[in-house]
Amino acid sequence: MRQRLAAARLTDIAEKLEAGERLTLEDGVRLFDAPDLYAVGWLANREREKRHGSRTFYNHNIRLEATNVCVASCLFCSFARLKEGDPGSYTMSLEQAWDKLRQRQHEPLTEVHIVNSLHPDLPFSYYTDLLAGLKRIRPDVHLKAFTAVEIAFYADLYGRTDEDVLRALMAAGLDSLPGGGAEIFAERVRRKICHDKCDGDRWLAIHRTAHRLGMRSNVTMLYGHIETPEERVDHMLRARALQDETGGFQAFIPLAFHPDNNQMRKLPAPTAADTLRVHAVARLVLDNIPHIKAFWIATGIDVAQVSLWFGVDDLDGTVQEEKIYHMAGARTPEAMTTAQIRALVDAAGRQPCERDTLYNLIPA
Ligand code: V47
Numbered sequence: 003m004r005q006r007l008a009a010a011r012l013t014d015i016a017e018k019l020e021a022g023e024r025l026t027l028e029d030g031v032r033l034f035d036a037p038d039l040y041a042v043g044w045l046a047n048r049e050r051e052k053r054h055g056s057r058t059f060y061n062h063n064i065r066l067e068a069t070n071v072c073v074a075s076c077l078f079c080s081f082a083r084l085k086e087g088d089p090g091s092y093t094m095s096l097e098q099a100w101d102k103l104r105q106r107q108h109e110p111l112t113e114v115h116i117v118n119s120l121h122p123d124l125p126f127s128y129y130t131d132l133l134a135g136l137k138r139i140r141p142d143v144h145l146k147a148f149t150a151v152e153i154a155f156y157a158d159l160y161g162r163t164d165e166d167v168l169r170a171l172m173a174a175g176l177d178s179l180p181g182g183g184a185e186i187f188a189e190r191v192r193r194k195i196c197h198d199k200c201d202g203d204r205w206l207a208i209h210r211t212a213h214r215l216g217m218r219s220n221v222t223m224l225y226g227h228i229e230t231p232e233e234r235v236d237h238m239l240r241a242r243a244l245q246d247e248t249g250g251f252q253a254f255i256p257l258a259f260h261p262d263n264n265q266m267r268k269l270p271a272p273t274a275a276d277t278l279r280v281h282a283v284a285r286l287v288l289d290n291i292p293h294i295k296a297f298w299i300a301t302g303i304d305v306a307q308v309s310l311w312f313g314v315d316d317l318d319g320t321v322q323e324e325k326i327y328h329m330a331g332a333r334t335p336e337a338m339t340t341a342q343i344r345a346l347v348d349a350a351g352r353q354p355c356e357r358d359t360l361y362n363l364i365p366a
C-alpha cells in the first residue's frame, strides 16, 4: 500500500494520520482531488477499524414527518409545499401522528425520528403535545426530533429564545436533535440554495446550546450540488471545531443530493464514487466525531454496503416511512427490517450491532 499511497501523493497525509495529527483544509481538499479513490478509502478504512473494528451500527427506528407545509424555499427540496391546501400538502392531526407510533406499539423499536417543515400557522403546543403524546404511548422510546432550522424558526415565530424553545421541547419529551438542516455551512452556497432559513452560525449555535443542556445530536452535509471541495471540507471543519468545544455530536451524515422534482433538477445526482469518497474524507477529517453514518435511503443499499469499507460504521435504521428522499426520486425501499439490515452488513463482511440512539448496544 505504501507504493500506492506514494503514487497518489498521499504519503504525508498517511503519516499525519499514523501520528494522530489533524488534517487541514488543504489536506481535505487533496483527498477530494486525488484520483486514486481506493487509496483514500484504504486510509479511511484504517481509521474506521481503529475506532470500531468490524462493528457496524444500526437501530430500529421509525420516521415521522408530521407536516410538509413550509415557508422556506430551499432549492433542493421536493418535500415541502408552501401553503396548506396546495397539491400534495399535508398536516397530520396529533391523533394521526400518534397513530403512527400506536400502530407499531408492540415492535421493539427504540427511536422515533421526527422531521417537519416550517409551518407558519401551528401553535407551539402542537409540537410539545406531539412529543408528550408519543412519550405517553411509549415512554421508553427515544425522541430524536426537530432540526436546528426548525428550532430557530419556532424561536422567531413564537418570540422566544433558541434556548427557551429547546428547554420547552425537552420538558415535553425531546431527547436529542437530528443533524438535518446543516446543508453546507458556507455562506455562498447557503445564499443560493436555502437563503431564507437559519444560517450556518445559528445552526451551530443551536447545537452548542443543545449539547450544553445535555442533549446529543448529529450533523449532516448535503453534497453533490453546487458546493466545491473546499466548501465540503470547510463544512467538516466547522463541525469539528464545535465538537472540540462540546463533544456532543454522535455522528456525521453525508446526504447525497437527489435531483427529482425540485428546483435543482437539472443537476446530475452524485455518483457512487463521489458518495464513497465523501464518506471516506469525512472519516479522515472528523477525527473527533465517533460515527460516520451512511443513510442507506440516500446512498442506496448497494453503495451503503460498500461504504462499510470506506470509513462508514453506521447505517441509520429501519426507517419505515420515508418521504423527503422518495419525493426527490430515491429508488431505495422505504423501509428495511432489522433482519435485512443485518444480512446486508453480514454480506459485506462486517459485524452488525443493533444500538439505541445513544449507541448503547441492544442484545440480539
Ligand atoms: O436537512 C432534503 C436533506 C435532510 C433533499 O440525524 C435532501 O440521524 C438530498 O437530516 N436530496 C433531512 N437531500 C434528513 C436528515 C437526516 C437523515 C438521516 C439521519 C439523520 C440523523 C438526519 O434531508 C435535510 C436536507 O439536507 N434533503 N431534500 C434532496 N432532494
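Just so it is clear: in the sequence shown, position 342 is 344 by this note's numbering, and no numbers are missing.
Positions of the beta carbon are idealized from the N, C-alpha and C atoms, including for glycine.
Of LEU159, HIS115, ARG138, the smallest CA-CA separation from HIS121 is found for LEU159. Ligand 1 never approaches ILE15 closely enough for any of its heavy atoms to be under 6 Å from the residue's Cβ. Within the model, the alpha-carbon separation for THR149 versus PRO292 is close to 20 Å.
Ligand 1 never approaches HIS197 closely enough for any of its heavy atoms to be under 6 Å from the residue's Cβ. A Cβ-Cβ separation of about 7 Å places GLY30 in contact with MET238 under the 8 Å criterion.
Not one heavy atom of ligand 1 falls within 6 Å of the beta-carbon of HIS328. Here SER219 carries a strand assignment [DSSP, helix/strand/coil].
Taking 3 residues as the minimum length, the beta strand (DSSP E) runs contained wholly in the region 144-224 are 144-147, in order along the chain. Positions of the beta strand (DSSP E) runs, each at least 3 residues long and wholly inside the region 294-324, are given as 316-319 in order along the chain. Contact between VAL191 and GLU233 is confirmed by a C-beta separation of about 6 Å, below the 8 Å threshold. With a cutoff of 7 Å on beta-carbon distance, GLY55 and PHE312 are scored as not near each other.
Taking a C-beta distance under 7 Å as the contact criterion, LEU39 and ALA275 qualify as a contact pair.
One alpha carbon belongs to VAL151, the other to ASN220, and they sit about 13 Å apart. If you look at HIS54, you'll find it in the alpha helix (DSSP H) that goes 39-54. ARG24 carries a coil assignment under DSSP once its states are collapsed to helix, strand and coil. If you compare the alpha carbons of CYS200, CYS196, ALA253 with that of HIS281, the shortest gap goes to ALA253.
For TYR60, DSSP records a beta bridge to GLU356.
Taking one beta carbon from each stretch, the region 18-30 and the region 105-115 have fewer than 3 pairs nearer than 8 Å; the two do not touch.
A distance of 7 Å or more separates the beta carbons of ARG279 and GLY250. Note on ARG242: 16 or more other CB atoms within 10 angstroms of its CB, so buried under the neighbour-count rule.
With respect to THR359, ALA337 sits apart: the two C-beta atoms are not nearer than 7 Å.
In this structure, VAL114 and LEU136 form a Cβ contact; the two beta carbons are roughly 6 Å apart against a cut-off of 8 Å. One thing to note: CYS72 has its Cβ no nearer than 7 Å to the Cβ of ASN264. Going by DSSP, GLN98 is part of no beta strand (DSSP E) but of the alpha helix (DSSP H) stretching over 96-104. Between the region 347-356 and the region 85-93 there are fewer than three C-beta pairs closer than 8 Å, too few to call the two in contact. For ARG65, the beta-bridge partners assigned by DSSP are HIS115.
Using a 10 angstroms sphere on the CB of LEU215, the tally of other CB atoms stays under 16, which defines it as exposed.
ALA258 is bridged by DSSP to TYR225.
The closest heavy atom of ligand 1 lies 6 Å or more from the beta carbon of THR58.
Within the chosen limit of 6 Å, ligand 1 does not reach the beta carbon of PHE187 with any heavy atom.
Taken from the Cβ of PHE126, every heavy atom of ligand 1 lies 6 Å or farther away.
Remark: the shortest separation between the CB of CYS79 and any heavy atom of ligand 1 falls under 6 Å. Buried is the label assigned to ASP318, since at least 16 other Cβ atoms lie within 10 Å of its Cβ. A distance of 7 Å or more separates the beta carbons of GLY182 and ALA134. Comparing alpha-carbon positions, the option among ARG48, PHE59, GLU229 lying closest to PRO365 turns out to be PHE59. For GLU49, the CB contacts under 7 Å within the same chain, skipping 5 residues up- and downstream, are LEU19, ARG285, LEU286, GLY313 in chain order.
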